[in-house]
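Chemist: All the letters of the sequence shown, read from the start, carry residue numbers 1 to 155 under full-length UniProt numbering.
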Amino acid sequence: MSEPRWLDDLEMAAWTSFVEAGHRVDRALERQLKDEAGLSHPQYEILVHLADAPDGELRMAELADRLITSKSGITYQVAQLEKLGLVRRRACPEQARGVYAVLTDEGSARLRGAAPAHVARVREVLIDVLDREQLAVLAEALGVVGRRLRAHDRA
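(1) If we count the other Cβ atoms within 10 Å of its Cβ and call it buried at 16 or more, is Ser-77 buried or exposed?
(2) How would you label Gln-32, buried or exposed, when you count the other beta carbons within 10 angstroms and need 16 or more for buried?
(3) Kindly indicate which residue of Met-1, Thr-16, Ser-2 has the alpha-carbon position closest to the one of Asp-8.
(4) By the 10 Å Cβ neighbour count, where 16 or more other Cβ atoms means buried, how is Ala-114 classified, buried or exposed?
(5) Could you spell out the range, first to last residue, of the beta strand (DSSP E) harbouring Val-78?
(6) First and last residue of the alpha helix (DSSP H) that includes Ala-141?
(7) Rank Lys-34, Trp-6, Glu-20 by C-alpha distance to the C-alpha of Arg-121 and give the top, closest one.
(8) Please state the DSSP three-state secondary structure of Val-126.
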């Protein structure tokens, strides 16, 4: 077995900075959404994806893919949103086992109410911390990683 390619100082700095920043940004957004909107970050993202979808609905499997989570994970989160009256489920007429998640009027209103403070927090903890050049580099670099992993997941 060959020796692993250990990270050099620059690579380790990039990795540890990415991990720490990712956790801290996620924690800050989770806390803001819980405190101000009564939603978890995944629940907020579900509402965003449904609001952007035609007729405010997506098949559960597609929603899981978009949120990069398991089918059981999306089922749990949608069930929690359903209890709050923010989402409902309906059968998919094209497939016996298919189910759609559908954004309710109450869910749309909750999203509209939560979005301004959420965007302000995203700006505070990430966007406004970086200049335009840094944002471009970040978007490009993470885009490369995302595309590579997406292609790997499909293979």
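Note that CB positions come from ideal geometry on N, CA and C, so glycine has one too.
Modeler: A quick look at the data gives this:
(1) Note on residue identity: the sequence assigns Gln, not Ser, to residue 77. With 16 or more other Cβ atoms within 10 Å, it is buried.
(2) buried
(3) Thr-16
(4) buried
(5) Counting along the chain, Val-78 falls outside any beta strand (DSSP E), though it belongs to the alpha helix (DSSP H) covering 71-83.
(6) 132-154
(7) Lys-34
(8) Per the sequence shown, the amino acid found at residue 126 is Leu instead of Val. In the structure shown, Leu-126 sits in coil (DSSP, three-state: anything other than H, G, I, E or B).
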